[in-house]
Amino acid sequence: MVVLYPFHATTAWVKNSDGVFPTYLRSRAELVNELETLRAELVTETGTQLSIDRLLEENMQLRALANVSSSSDRLVARVIARPNSLAYDLMQIDRGSDHGVSVGVPVYSGLDSVIGVVAEVSSKYAFVELFTTPGFESTAYVIGPNVFSTLEGMGGGVARVKLPQGVPLTVGQLVLLPGVSNGVYGEIISVENHPTQPEQYGYVTPPTAMNSIFYVSIDIEAVEPKTEYDIEETIKNAIRQKMLMSDTTIESISAKIKAELATTTASSTPADEISSTTATGTINQ
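Using the working numbering, the first residue of the sequence shown is number 602, and each one after it goes up by one.
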């Protein structure tokens, strides 16, 4: 008891004394505890907000695909494994042969962005081979230079098209896969061009990162060989869509033209009146 008395007295002094030093120690301890509490609350709130954002993104994708599914012969599937958790550029979906999925059918992200084809099917799930898988090849059409090329998978969510030197290849050009209905793949994000080499490369990615896709739509029927006419129509439709301006852009341009005309009219009116008055006076004389 005698041994513990100094410790007990010191503890009581720190907890109950009105002195400056004990008060400082108590205030500091309370601030540290409050800081830890606030940090825990911040972590919880941040996690909650991230969950809300993820659910909102999933909801938006599901709504968009629900509209696609109702207006076409497509099946909506949930992505249960992505390339970051699978070997190579593969994606696993929760629909299989029991739901009508078969090998070779194209898989879409959104309305018309085709991202791959079903490579393996079981009764309850299937694996999708993405166009970015190394060694995967498909015929592509590049809008801008308006030429055909071969789309080659490079891995890591990236594919590339190869064109001869002299063909105008720039960032932002749209790449189509005309062999697939509504076969818009993505756009060129980078160009590799060495003047000493006979060829140049355009690197292409889909509009949505593979690891951000929660739902996809699947064609119920496998891709059938397309005629030359079908391919031409697919390309023409894509070019027409690219040339169309949105209503907002048209309204903005119209407003700008009207403003410029109003400014021109306002600045030219005084000179016109003086010219008209002078001409009238000359005639009267």
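Note that CB positions come from ideal geometry on N, CA and C, so glycine has one too.
1) Relative to the C-alpha of Arg683, which candidate in Leu775, Ser813, Ile789 has its C-alpha closest?
2) Rounding to the nearest angstrom, what Cα-Cα distance links Val768 and Asp695 in this structure?
3) For Ala863, which of helix, strand or coil comes out of DSSP?
4) Which stretch, first to last residue, makes up the beta strand (DSSP E) that contains Tyr786?
5) What residue range is occupied by the uninterrupted beta strand (DSSP E) comprising Ser739?
6) Are the beta-carbon atoms of Gly756 and Phe737 separated by less than 7 angstroms?
7) Would you mind giving the Cβ-Cβ distance between Leu715 and Leu752, rounded to the nearest angstrom? I have them listed as a contact below 8 angstroms.
8) If I follow the unbroken beta strand (DSSP E) through Gln801, where does it start and stop?
9) For Thr771, which residues from the same chain have a beta carbon less than 8 angstroms from its beta carbon, with the 5 sequence-adjacent residues on both sides left out?
10) Give every residue of the same chain whose Cβ lies closer than 8 angstroms to the Cβ of Gly773, excluding the five residues on either side of it in the sequence, and list them in chain order.
11) From the DSSP output, in three-state form, read off Arg679 for me.
12) Please classify Ala863 as buried or exposed, where buried requires at least 16 other C-beta atoms within 10 Å of its C-beta.
13) What residue does the beta strand (DSSP E) around Val719 start on, and which one ends it?
14) Would DSSP call Thr797 helix, strand or coil?
Reading off the structure:
1) Ser813
2) 42 angstroms
3) helix
4) 785-793
5) 738-743
6) no
7) This sequence places Val at residue 715; Leu is not what is there. No, Val715 and Leu752 are not in contact; Cβ-Cβ is about 11 angstroms, not under 8 angstroms.
8) 800-806
9) Gly745, Ile789, Val792
10) Glu788, Ile789
11) strand
12) exposed
13) 714-722
14) coil
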